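Our numbering puts the sequence shown at residues 151 to 549.
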Amino acid sequence: MGLESLAAQKVDFTGEDQKRKKKMLVFAGIAAFILLCAGGILAWSLLAPKHPAEDVSATTEENAAAEPAEDVPEEPKVVLATSYLTGEQIPPETATLRPIAVSIENHQASRPPTGLALADIVYEMPVEAGITRFLALYQKNEPEKVGPERSARVYMLEWVKEYDAIFAHIGQDPKVLTLTGPYGIDDLRDTGAWWDPYSAARPAQEHRAYTSILRLREVADEKGWGFKDSFDSWSFLDAESDPAGRPASQIISIDYSSEAYLSEWSYDPGLNAYLRWDGGVMHEDVATEAQISARNVIIEYVSVWFRAGDEKGRRDMKIVGEGDLVVFRDGQAVTGTWRKDSREARTQLLDTEGNVISLVPGNIWVEIVPALENMVTYDTQASVVDPAVAPQVEEPGPK
C-alpha cells in the first residue's frame, strides 16, 4: 500500500474517534434504561386492579355495620310522688317527710315575714287585740330562716294534730303546756331559734325571733320522730282550668279588726293564683323577695269566743265540728261546709250538695274567720273583651 492510499483513508492516530464512540454508547444505554422504566410504569398503571372510591366507602359502611353498636345508657326516669298536702308532684323522699308546723306572727311591727311564702299550707287566725297570727306547715321546702317565730295558741294544736306535724314555737299560752302531752304532739318548743340582731327596724325583741326548718328537722330526726303514712289528703283537680273561662279579676277582703289587719287577695288569671295584700300593702316575703301568693284560698267560719277570766283577752275556738265554708280557686267561689269529726281527723271540704270540693294543686291558705262577724267580702269580674262594659272591682291596697 502506498502513501497515497493511506492519506485517502484519513487514519486517526490520536484516538479521538474511539472516545467519541464510547460516549455515544453510554448515552444510548441511559436512554434505553429510561425508556424501559417508563414502559414498566405505564404497563403497571394499565394492568393494576381498580379500587373506586365508592367501593371503599361501601366497604367502610359494611365494616361499621358488622361492628356491634355501643350500648348507650338510658336516662333514668324521674319518678315523682303526689304531695298529700298540696297535690303537687314532688320527689318521693320529700313526700315522706313529716310536716313541720311553725307559729309565725303578723304583728304590724313584725312585717315583712321571712319564709312564709315557702310554706305548703298556712292558717291565718285572730289572736289577741285584733292581731292575726299564722300557723305555717312545711314539707316541700326547708328554708334556712323562718319567722318571726312566736308563741302557740290552744286552737293551733287542733290543726297540728290533724297533720300529725312537729310543732315549733317560742313560748305559748300556758294552757298549751298542759295539752301537748295528752294530745300526743311532738313539740319543739324554743328549739333551733335565735334572735336576729340585724332586724334594726324591729326594736322589740319579740319581733326578732327566727328558726330554721332544716335545723328543726335535724332535731326531730335525732328524736326519732319519723313519718307516719296514714293521712287523708284533700282532693285535687287533675288539670288546670281553661284560661278562657277564668274571670278577669276577683277580690277577697277579710277585715279581722282594723285596716292594719285587713287581709286581701287579688286573683291573677294569668298565674291562676291569688296575690296577697296585708294592711293595705303588698304582703312580700324577705326570703323570696316577691309578693306572697296562693293557688287556693279557703274561708272557714268557726265559733270564736273570749276565754272567761283571761286577763290578756285570749280566745278559744271550736275547731272540731262544722261550719260554713267558701273555697276560692280558679277565680271561682265554691260555697259549702267544712267538717272535722275529731282532733286527728282531716277537715272535709264539702259543697252545698255534700260533694267533696277539689282544689288546684299548689299551696293553700286557710283563713279562720269568726262565724258571727260580718267581715268577709268578695267580688268577681267576669272575663270580657271590653273592660269598659265590665263592672269595676276595687283593687286592694291603700284607699
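Yeah, the Cβ is synthetic: ideal placement off N, Cα and C, and Gly gets one too.
These numbers come from a predicted model, not from an experiment.
Going by DSSP, name the residue or residues bridged to residue i.
i	result
Val484	Val477
Thr438	Note: Thr438 sits in no beta bridge, so no partner.
Arg283	Glu255, Met275
Thr361	Val296, Ala343
Asn446	Ile514
Val431	Asp428
Asp501	Gly486
Gln239	Thr232
Trp415	Ile402, Arg426
Val369	Val369 pairs with nothing; no bridge assigned.
Leu268	Its beta-bridge partners do not exist; DSSP assigns none.
Tyr288	Ile250
Ala521	None; Ala521 has no bridge partner.
Tyr305	For Tyr305, which the question treats as bridged, DSSP gives no partner whatsoever.
Ala318	Val252, Leu338
Val506	Leu500
Gln531	Ser399
Val526	Ile404
Would residue i pass as a contact of residue j if the rule is Cβ separation under 7 Å?
i	j	result
His357	Ala437	no
Glu434	Pro262	yes
Thr282	Tyr406	yes
Ile320	Glu294	no
Tyr424	Ala440	no
Ala521	Gly473	yes
Tyr305	Met525	no
Trp515	Val310	no
Ala318	Thr264	no
Asp270	Leu235	yes
Ala370	Ala359	no
Val476	Lys490	no
Phe284	Ile240	no
Gly297	Gln400	no
Ala279	Leu266	no
Ile316	Trp375	yes
Pro511	Glu292	no
Ala442	Glu517	In the sequence under discussion, the amino acid at residue 442 is Ile, which differs from the Ala named in the question. No, the pair does not count as a contact, with Cβ atoms beyond the cut-off.
Arg248	Phe377	yes
Could you tell me if residue i is buried or exposed, where buried requires 16 or more neighbouring beta carbons within 10 angstroms of its beta carbon?
i	result
Asn256	buried
Thr328	exposed
Phe386	buried
Leu274	Leu is not the amino acid found at residue 274; the sequence shown has Glu there. So Glu274 ends up on the buried side.
Phe381	exposed
Ser408	exposed
Asn513	buried
Leu156	A caution first: Leu156 carries a pLDDT of 35, below 50, which makes its placement in the model unreliable, though a value can still be read off. It counts as exposed.
Ala389	exposed
Ala251	buried
Leu509	buried
Trp345	exposed
Glu224	exposed
Thr497	buried
Ser453	exposed
Ser492	exposed
Met151	Only weak support is given to the placement of Met151: the predicted model assigns it a pLDDT of 44, under 50, and the value that follows is read from those uncertain coordinates. Flag for Met151 reads exposed.
Glu414	buried
Glu523	exposed
Glu503	exposed
Roughly how many angstroms separate the alpha carbons of residue i and residue j, rounded to a whole number?
i	j	result
Glu450	Arg367	30 Å
Ser391	Val326	42 Å
Asp337	Gln289	17 Å
Val447	Lys373	34 Å
Val519	Pro276	8 Å
Ala532	Phe478	15 Å
Arg396	Trp488	25 Å
Ile507	Thr232	18 Å
Ser383	Ala495	11 Å
Asp418	Ile402	12 Å
Ala458	Trp427	33 Å
Trp455	Gln322	19 Å
Asn422	Ala410	27 Å
Gln355	Asp340	15 Å
Pro242	Val228	10 Å
Thr244	Val431	34 Å
Asn505	Leu230	29 Å
Asp314	Asp460	29 Å
Pro100	Lys462	In the structure as shown, the chain begins at 151 and stops at 549. Residue 100 is therefore absent and cannot be evaluated.
Ser416	Ala394	18 Å
Ala302	Leu412	22 Å
Gly365	Leu268	The sequence as given places Arg at residue 365; Gly does not occur at that position. Cα to Cα, Arg365 sits roughly 16 Å from Leu268.
Counting only beta-carbon atoms, is residue i nearer than 7 Å to chain B?
i	result
Asn513	Structure shown: chain B not included; a single protein chain is present.
- Where in the segment 448 to 475 do unbroken runs of the beta strand (DSSP E), each at least 3 residues long, occur, reported from the N-terminal end onward? Fully enclosed beta strand (DSSP E) runs of 3 or longer: 465 to 468.
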